[in-house]
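Worksheet: the structure to be examined is printed underneath.
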Ligand SMILES: Nc1ncnc2c1ncn2[C@@H]1O[C@H](COP(=O)(O)OP(=O)(O)O)[C@@H](O)[C@H]1O
Ligand SMILES: Nc1ncnc2c1ncn2[C@@H]1O[C@H](COP(=O)(O)OP(=O)(O)O)[C@@H](O)[C@H]1O
Ligand SMILES: [Mg+2]
Ligand SMILES: [Mg+2]
Ligand SMILES: [Mg+2]
Ligand SMILES: [Mg+2]
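Residue numbers (the working numbering), protein chains in the order written: chain A, 123 to 451; chain B, 123 to 451; chain C, 222 to 420; chain D, 222 to 420.
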């Protein structure tokens, strides 16, 4: 394992220390490093909290700031945070209008959130993201994984909370955006969890993992590496098929790098994916290309498509000022 | 070689197509894809043009926009652009106040720029960046390489041009910022040039290349991988030593990922490097952490330190709105 | 009894720490490669409190240990093992006999099922915990329980995962032992070893 | 003569294309791994114009080819080989004899030196071009020129690079052949092969 670290045990704390120091104008660290929160809390709005295993940076701490999250709870690498983190964050950022958690659909995340919710005092709601179409949901009762589409939900609901939507409205909006969002990923290499010390899986020199998750979970199947256009066609095909009806929709296309893929390839994938959407009759009205929901050092990317309506497009465009996402200012 | 591409010959054109489509609100592509320019050109200001081999994204096209570059000329991967690209860009973005090229110090870039300057009609000035302290400059008459510090020069001079500095003032400022800037890099893996099809160099499972360039050029020496704190100490030590006098300075610390390094490690390096600067008595007054001047898929990072004064700090803070850098809006 | 509890915590922790790599390996195959470090982090946190735990009644000690697991582990195994330990502690009473232990264990497993919305046959820790609980209730010997635990973990290999991360793999989850089933066996064997040397 | 020029462009291009991988390999060791694709891209662009070039006088054809190299190659080799071809074309005159060719070649090399701010002994293409030019001027046979070219490239192996990317390596540049020296040899050998079959 080759990583720029000092010791496996301190990766998370040192990385968080660097993060809050580099972005001290936007964020600050909670007690015992349990959460990252906005430096300047806002009263009277719904408090938006997310969290999850670390190793997906900038998700979630990179999305804390004006127009997006109020706090993020970082778990150990690929391990959901614990209920005490969620409770501590909620206590600190609750602005009197309720707390809304955005949780990616993994049993660990869901159970830890449920324990936190059971212990919480005030009103708490939850949005569960499950945008990954790689795995057929009907067969496996855990449902689908929450992946890069989570970023889209956090952005749009974040803007709504900032604009004064109440807890119920934020929750309903988040569910709606999640349902309008589909993703699929592909890996060219495995990630390496620091504590494990070696790659989670091994791919041959000419193989890719189609439908990979953001923790290096295996996906649909392992297949020979194909040209980018074919990869984009399969992924967009799966997403569009899953949407069912789609023609004429305005969509957001997010090309998300997994951490080890250069921007050059991400933009090339964007070009190929956008041309696929053109063919399917969807209009790419908004776009984002970059490392947003990563999987440590994994090479590969995911494509996310969100169907937009007037309201969600406006909220996507709304001012955001976080470490990793900034516009409209 | 595992890359998300269709064919080696079309990597650059497809990637550029994706880039300008994803950021159509900011940039547009020049004729024959010779350059990327601001979508809304500004008259009456000094036109800032940069360029260089591709594979360092977001440098330079990602820095085209308000407060930074007017155009960027992308060469083939790791190959400087040609004079016709520079001439075409200059003709298009010249706003009547002269053209200033920012050139990284490589003979190829310098010679191609010189041929363009010889063919140019209007007044043309040049800033040469050479911030890499990895290689002792005294011995080798090519001088030092221009690396991640180039981004700092482009940001500060870009803000100056936007604020109305004339050609001479922009040029003098750029030279001053370059002289106040030092960088050093380390690689944990090689990059793979698409056309070459295999890694440029090979590192053992426990080796790193200390002082690596941004094209996978070998650096000072190949050594066993050490903890991040020691790597930061060596790099900051080399930079501070090269500055000579430094105590009490306000500095900008830039931790630049080479493309294959996760954000988690970059922030950890920031933490370690910033603490080294604290020890040396330099105050980290500004910071940037991310993939700015990459080397395709190389794992590793560079550290850049720029000594700031009131003017350059103000220009660093000034509004910038590009694909890759945004603040102050 | 307090002395036994302390030895149980010590032995379970030691075994989990020793098996961390194996558990991570299993989790890498059909999960996300963190089960070993999760369990190690949790049990080390429990062990760090041993002095405090030794001063408590067994039920209280187990509740405290369960809470520590919930607060230190995260992931799926944190709430599940945390719930197991907490409920066990709550149900155990002051001086339980074997039937009391069996009842408390059965109640703890029901709590795990409720927390995980899961059942046996879904390729999880329950595929070890449930048969072990049944054996305990039906008066099986320690040796029999040991055999049932290890066979039950082996029986997860051909199962199709319906719960946990492995469920995302569908058919590809078949052919691997469930990491949580394995960690359950390790903890159960540690407990049996302590009880047998005592016996 | 026009027919010879066309065969020269054809042969040089074919040889460069065939050697692209070798050149990239050399450039990977002490540069940035693009010399092969640079030269291939440039010569293929020249070859794409062959019909047009065949209609031009030799000097004009060389000037045009040089301009194509400047506009298509980039990097260090683009301006340098472009300058070499352009100056050669400019100096060649209408119907040059061997002495005229030698003078033009010498002038072209001076232009390369000026463009590159470089000299022999710095581990670059000049370490092949300059001795070949001297041999040409001193009336050496084609066979002698061939030998000098290949020996000169080999002589760059132990050199310390003072110019080009390899100079950033300092001592570590020693022990590798300079890629531009090698591409010069390949082009010179291609020219000699054409001239010898003609002779
Ligand atoms: N819903 C569930 N019910 C029972 N056990 C479960 C459930 N989900 C997961 N598990 C158990 O947890 C184990 C995984 O634990 P761990 O790797 O620590 O957490 P995570 O899956 O969150 O990374 C699985 O092997 C399985 O035995
Ligand atoms: N200043 C110079 N003078 C003469 N030749 C040079 C000079 N700089 C580089 N070269 C030649 O160019 C070759 C490298 O060409 P190439 O790899 O195409 O360009 P780059 O170095 O820009 O990637 C070197 O091997 C060397 O022979
Ligand atoms: Mg996990
Ligand atoms: Mg080059
Ligand atoms: Mg796991
Ligand atoms: Mg080169």
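No residue lacks a Cβ here, since even glycine has one placed at the ideal position from N, Cα and C.
query                                                                                                                                 : result
Residue 256 of chain D, enclosing alpha helix (DSSP H) - first and last residue                                                       : 256-269
Interface residues of chain B facing residue 195 of chain A [CB-CB closer than 8 angstroms]                                           : Those within 8 angstroms of residue 195 of chain A in chain B number zero; the least Cβ separation is about 16 angstroms.
heavy atom of ligand 6 below 7 angstroms from residue 296 of chain D C-beta                                                           : yes
Members of the segment 134-165 of chain B near chain A, C-beta cut-off 7 angstroms                                                    : 136, 137, 139, 140, 141, 143 and 144
Three-state class that DSSP yields for residue 378 of chain B in the structure shown                                                  : strand
Amino acids of chain C, ordered along the chain, whose beta-carbon sits closer than 7 angstroms to that of residue 237 of chain A     : 291 and 300
Proximity winner among D:405, D:365 and D:252, relative to residue 306 of chain D (alpha-carbon distances)                            : D:405
Sequence ranges, beta strand (DSSP E) only - wholly within the segment 219-288 of chain B, length at least 3                          : 221-226 and 246-251
Closer than 5 angstroms: residues whose CB approaches a heavy atom of ligand 6                                                        : D:248, D:252, D:253, D:255 and D:256
Selection of the segment 237-271 of chain D by Cβ proximity to chain B, strictly under 9 angstroms                                    : 241, 242, 245, 246, 248, 249, 250, 251, 252, 253, 254, 255, 257, 258, 259, 261 and 262
Between the CA atoms of residue 287 of chain C and residue 270 of chain C - distance to the nearest angstrom                          : 12 angstroms
Any non-hydrogen atom of ligand 2 closer than 7 angstroms to residue 292 of chain D Cβ                                                : no
Three-state secondary structure (DSSP) of residue 402 of chain C                                                                      : helix
Buried or exposed (CB count within 10 angstroms, at least 16 for buried), residue 225 of chain C                                      : exposed
Residue 214 of chain B Cβ short of 7 angstroms to ligand 8 heavy atom set                                                             : Annotation note on ligand 8: not contained in the displayed structure, which lists ligand 1, ligand 2, ligand 3, ligand 4, ligand 5 and ligand 6 as its ligands.
Any chain C beta carbon closer than 8 angstroms to residue 302 of chain A                                                             : no
Beta carbon of residue 438 of chain B nearer than 8 angstroms to that of residue 425 of chain B                                       : no
Any beta strand (DSSP E) of 3 or more consecutive residues that is wholly inside the segment 305-359 of chain A                       : 329-332 and 343-346
Under 8 angstroms between C-beta atoms of residue 222 of chain A and residue 293 of chain A                                           : yes
Three-way DSSP call (helix, strand, coil) for residue 165 of chain B in this model                                                    : coil
Cβ shell of residue 332 of chain D (< 6 angstroms), same chain only, five flanking positions each side left out                       : 304 and 308
Below-8 angstroms beta-carbon distance, residue 363 of chain D vs any chain B residue                                                 : no
Beta-carbon spacing of residue 267 of chain C, residue 204 of chain A below 8 angstroms                                               : no
Any C-beta of chain B under 8 angstroms from that of residue 204 of chain A                                                           : no
Assigned secondary structure, residue 443 of chain B (DSSP; H/G/I helix, E/B strand, else coil)                                       : strand
Given 8 angstroms, three or more beta-carbon pairs between the segment 309-327 of chain B and the segment 371-382 of chain D          : no
Cβ pair residue 386 of chain C, residue 339 of chain A closer than 8 angstroms                                                        : yes
Contact set between the segment 376-401 of chain C and chain A, restricted to residues whose Cβ is under 7 angstroms from the partner : 383, 384, 385, 386, 388, 389, 390, 391 and 393
Buried versus exposed, by CB contacts within 10 Å (16 or more), residue 387 of chain A                                                : buried
Residues near residue 231 of chain C in its chain [Cβ-Cβ closer than 8 angstroms; skip 5 each side]                                   : 268 and 271
Segment contact, 8 angstroms Cβ cut-off, at least three pairs: the segment 148-163 of chain A with the segment 343-363 of chain A     : no
Chain D contact for residue 380 of chain B (CB, 8 angstroms cutoff)                                                                   : no
C-alpha distance - residue 394 of chain A paired with residue 185 of chain A, whole-angstrom precision                                : 27 angstroms
Near ligand 5: residue 386 of chain C beta-carbon under 7 angstroms from a heavy atom                                                 : yes
C-alpha distance - residue 257 of chain C paired with residue 335 of chain B, whole-angstrom precision                                : 39 angstroms
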